[in-house]
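Residue numbers for the sequence shown, in the numbering used here: 585 to 854. Glycine included, C-beta positions come from ideal geometry on N, C-alpha and C. Structure first, commentary second.
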Amino acid sequence: MAKESNGSSDGCATVLGGAIIGVVVLIAAIPKEAWIVIGIVVGAAVVLGAVTAAIAAINKVQDAAEEQAREDREAEAAAAKQRREEKARQQKRRRIEALGAKNAARVDSAQAAVNKVAASEAARSGWLGDVDFTADIRGITDSFRKARSLRKVADQLSALDKPSTDDRKILGEAKATATKLEGTAIERVELIEKCATEAGRIDESLRREREDARTAEQRAELHAKLSAMLYGIEAAPPTSSTDSAADAVMARVWAFREIKNQIQRARDDG
């Protein structure tokens with residue numbers, strides 16, 4: 585039985601040895617040129633793998649850098665927005681302190697009206713002429729500031745004990761002047777708001793004029809088609825267009841300019 589085991593082991597060794605010899609013979613039979621080609625292919629595969637890995641690593645680094653840059657931009661935009669909002673809050677607090685809450689709100693309302701006029705189609709198209717209200721806003725703000733300062737000092741004087749005749753006289757003058765300054769500024773705010781209203785109405789008139797023009801054009805085309813279908817000859821006579829839309833625009837323009845003239849007169853009087 586031991587002999588059979590030894591014989592089996594010898595047989596396996598013989599087979600393995602034969603296989604090894606066969607592989608060696610096969611390798612030896614491969615031409616040198618084929619080995620060169622195999623080496624080149626293997627080398628190219630190794631290089632290609634290395635290049636692919638390097639590109640993937642570079643792309644990964646670039647993606648990370650782009651993501652970081654995007655996060656930085658978003659953080660900077662958020663910080664800039666926060667700075668603007670804080671600056672706006674500080675400016676609003678200073679306006680309220682200088683003008684009083686109601687008058688500061690009036691200045692904001694006037695500025696909003698100015699922005700509305702500037703953004704209107706009527707202004708962009710040149711219908712309204714000069715729409716620069718910078719001097720008006722400055723004058724309104726200055727009048728409110730002076731009125732506020734007069735009242736603050738007057739309140740301090742009126743708080744003193746034993747007011748004299750001169751005290752009462754100058755207090756009356758200060759209060760009257762403050763009231764006049766404030767009243768004039770409020771009138772100018774209201775005029776600017778009227779300008780914004782008129783600019784909006786002009787825009788609406790312009791829109792309706794365009795709609796009327798499109799309707800008139802469609803009407804003329806349909807008349808022509810119907811005329812050709814019914815009579816087979818010439819188009820129907822042209823229909824007369826209405827000038828109501830144009831008249832409305834011009835009426836609004838004149839109304840706007842009249843209000844502007846009132847503002848200019850108030851500016852000159854101030």
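Residues near residue i in its chain [Cβ-Cβ closer than 8 Å; skip 5 each side]
i: lysine 759; result: Leu734, Arg735, Ala738
i: isoleucine 680; result: Ala688
i: threonine 823; result: Because the pLDDT at threonine 823 is just 44, under 50, the model does not fix this residue reliably, and the point stays unresolved.
i: serine 742; result: Asp751, Leu755
Alpha carbon of residue i to alpha carbon of residue j, nearest angstrom
i: glutamate 795; j: glutamine 846; result: 33 Å
i: asparagine 699; j: lysine 764; result: 27 Å
i: aspartate 751; j: alanine 688; result: 29 Å
i: threonine 855; j: threonine 781; result: Here the chain covers residues 585 to 854 and nothing more, so residue 855 does not appear.
i: glutamine 646; j: glutamate 655; result: 14 Å
i: arginine 791; j: alanine 797; result: 10 Å
i: alanine 663; j: glutamate 669; result: 10 Å
i: arginine 722; j: glutamine 740; result: 27 Å
i: leucine 632; j: alanine 640; result: 12 Å
i: isoleucine 620; j: alanine 634; result: 21 Å
i: glycine 756; j: alanine 706; result: 46 Å
i: alanine 694; j: alanine 648; result: 49 Å
i: leucine 744; j: phenylalanine 717; result: 42 Å
i: proline 747; j: alanine 762; result: 20 Å
i: alanine 812; j: arginine 708; result: 42 Å
i: valine 625; j: glutamate 650; result: 37 Å
i: asparagine 643; j: lysine 671; result: 41 Å
Same chain, Cβ closer than 6 Å to residue i, neighbours up to 5 away in sequence not counted
i: alanine 769; result: Ile724, Ser727, Phe728
i: alanine 637; result: none
i: arginine 732; result: Leu683, Gly684
i: arginine 917; result: The displayed coordinates of the chain run from 585 to 854. Any statement about residue 917 would go beyond what the structure contains.
i: alanine 697; result: Ile776, Glu777, Ala780
i: serine 704; result: Ala783, Asp787
Run of the alpha helix (DSSP H) containing residue i, from where it starts to where it stops
i: aspartate 745; result: It is not in any alpha helix (DSSP H) - aspartate 745 carries neither H nor E in the DSSP assignment.
i: serine 693; result: 685-703
i: leucine 712; result: Per DSSP, leucine 712 belongs to no alpha helix (DSSP H) and is neither H nor E.
Residue i, DSSP secondary structure in three states
i: phenylalanine 728; result: helix
i: glutamate 818; result: Unreliable placement is indicated for glutamate 818, whose pLDDT of 47 sits below 50; the coordinate value is still reported in the next sentence. Coil.
i: glutamine 846; result: helix
i: valine 625; result: helix
Contacts around residue i, its chain only, beta-carbon distance under 7 Å, and the 5 residues preceding and following it disregarded
i: alanine 839; result: Glu782
i: glutamine 666; result: none
i: isoleucine 754; result: none
i: alanine 702; result: Val715
i: glutamate 660; result: none
i: lysine 730; result: Leu765
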